[in-house]
Every structure is written in C-alpha cells, then in structure tokens.
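So the structure is just underneath, and the comments pick up after that.
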Amino acid sequence: VSDLLTEVKDLLNETTTDNDAKIIRAMNRRFRLMKFAFVKTKQGYLETETSYNIVASTRSVAISAALVRISAVYYCEDSTTDKRLGYNPELKNASFDDDETSDVFGEYFLRGNNIVFANLPATSLTNGIKVKGVVSLETNLVSTDTVPIPDDFTPGLIYGTVFEMSLGMKDQ
3 VSDLLTEVKD
13 LLNETTTDND
23 AKIIRAMNRR
33 FRLMKFAFVK
43 TKQGYLETET
53 SYNIVASTRS
63 VAISAALVRI
73 SAVYYCEDST
83 TDKRLGYNPE
93 LKNASFDDDE
103 TSDVFGEYFL
113 RGNNIVFANL
123 PATSLTNGIK
133 VKGVVSLETN
143 LVSTDTVPIP
153 DDFTPGLIYG
163 TVFEMSLGMK
173 DQ
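Each residue of the sequence shown is one higher than the one before, counting from 3 in my numbering.
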C-alpha cells in the first residue's frame with residue numbers, strides 16, 4: 003500500500019503527509035468499486051474451489067461465508083469423477099422425506115450459507131462435494147502491505163484515486 007500511496011502522491015504533487023488519510027480513503031473507495039470488475043472479467047480473479055465432506059443422513063453442507071457467488075457444485079464420488087449438480091431454487095418450498103436416503107445426487111438449493119441436497123445422502127464421503135465460486139475481498143487497503151488485486155488492475159486503482167483526489171482538491 004505504501005508504494006501505491008507514494009505513486010498517487012507523486013502524481014498529485016503531494017509532498018506532505020497531510021492528505022495521506024484522505025488518499026487512502028479514496029483508494030479504498032476505488033478498491034471496493036474495482037472488486038466487481040475483477041469478477042466481470044471472467045479471468046479467474048477471486049475464484050476459488052473448495053471441497054466439503056458429505057455426512058450420511060445430513061441433507062445440508064455448510065459452505066464458507068466468504069463465497070459471494072457460486073458458479074458450480076459437483077458431487078465427487080472418487081478422485082476422477084465429478085458430476086455437476088443442478089441448482090433448483092424451487093426446492094426451497096418442497097417437502098422432503100428424511101427417512102429415504104440415496105447416494106444419487108442431482109439437485110440442490112441454497113439456504114443461508116448451506117447447500118441443501120434434494121436427496122438425503124446414504125453414506126458419508128470425504129471431499130464429496132466441490133464448490134466453485136467467487137470470494138469476497140473485505141480487505142481494507144490500510145491494513146495490509148500487499149494489495150490483493152491482480153497487477154493488471156493496479157493502474158486503475160492508482161489513476162482512479164488520483165482522479166477522485168483531484169476533484170476533491172479543487173474544492174479546497
């Protein structure tokens with residue numbers, strides 16, 4: 003962050019530390035806006051893949067709260083077979099028979115931070131579910147030395163901050 007702050011200050015001809023807090027606030031605003039651009043590029047930025055265990059006779063699997071969007075859920079019977087499960091939001095209102103178990107996985111729905119299966123698992127399976135999705139970046143640029151964005155986006159962060167600060171400095 004200090005390198006970015008120095009670059010922004012150089013472009014603004016800012017020689018004192020008087021406006022550092024304002025610059026960092028502007029940088030954080032730009033950063034929050036840019037996080038949406040990372041995902042829209044569909045280049046894999048902020049994408050993650052996590053495996054979860056299936057527990058017999060348990061219909062749901064708790065997933066990470068850091069996931070802001072799920073792109074795919076797979077049933078992984080073994081290390082070579084991944085079967086993509088279908089998302090069906092209509093299942094939220096369905097009634098299920100919890101006495102009937104099956105190891106046939108077809109559809110799921112989401113309830114909070116849980117993936118809920120239409121079929122009740124008959125057996126437990128380590129790493130039986132794989133979830134691909136996009137994680138949230140809640141990092142505040144003030145609190146980290148490493149900027150958690152792809153290098154391709156760094157100029158946008160710098161020049162966006164300079165632009166915002168330039169508009170604000172004219173009013174002073």
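Every residue gets a Cβ at the ideal spot worked out from N, C-alpha and C, and that includes glycine.
Task: Straight-line gap, I65 to S104 (C-alpha atoms, nearest Å) - done: Near 22 Å, if we compare the C-alpha coordinates of S104 and I65.
- [ ] On a CA-only basis, which of D101, E102, D100 and N121 is nearest Y110? Give me that one, please.
- [x] N121
Task: Cβ pair count under 8 Å reaching 3, the segment 70 to 79 against the segment 15 to 31 - done: no
Open item on the list: V133 and E49 - do their beta-carbons sit closer together than 8 Å?
Closed with: no
- [ ] Return the residue from the list L169, G170 and L159 that minimises the CA-CA distance to F33.
- [x] The shortest C-alpha separation from F33 is found at L159.
Open item on the list: Does N21 come out as helix, strand or coil in the three-state DSSP assignment?
Closed with: coil
Task: Rounded C-alpha distance that separates V118 from F107 - done: Within the model, the alpha-carbon separation for V118 versus F107 is close to 11 Å.
Task: Extent of the continuous alpha helix (DSSP H) run through E9 - done: S4 to L13
Open item on the list: Which of the three DSSP states is assigned to T156 in this structure?
Closed with: helix
Open item on the list: Can you look up V137 in the DSSP assignment and give me helix, strand or coil?
Closed with: strand
Task: T163 (DSSP reduced to helix, strand or coil) - done: helix
Open item on the list: Do S126 and A39 count as a contact pair if the criterion is CB distance below 8 Å?
Closed with: no
TODO: State the CB to CB distance for the pair M36 and I151, rounded to an integer number of angstroms; the pair is presumed to be in contact (CB under 8 Å).
DONE: 7 Å
- [ ] Pull up the DSSP beta-bridge partners for V75, would you.
- [x] Residue pairing by DSSP puts V75 in a beta bridge opposite V133.
Open item on the list: The beta strand (DSSP E) that contains K85, what's its start and end?
Closed with: T83 to R86
Open item on the list: Given a cut-off of 8 Å on the beta-carbon distance, is the pair V3 and T163 in contact?
Closed with: no
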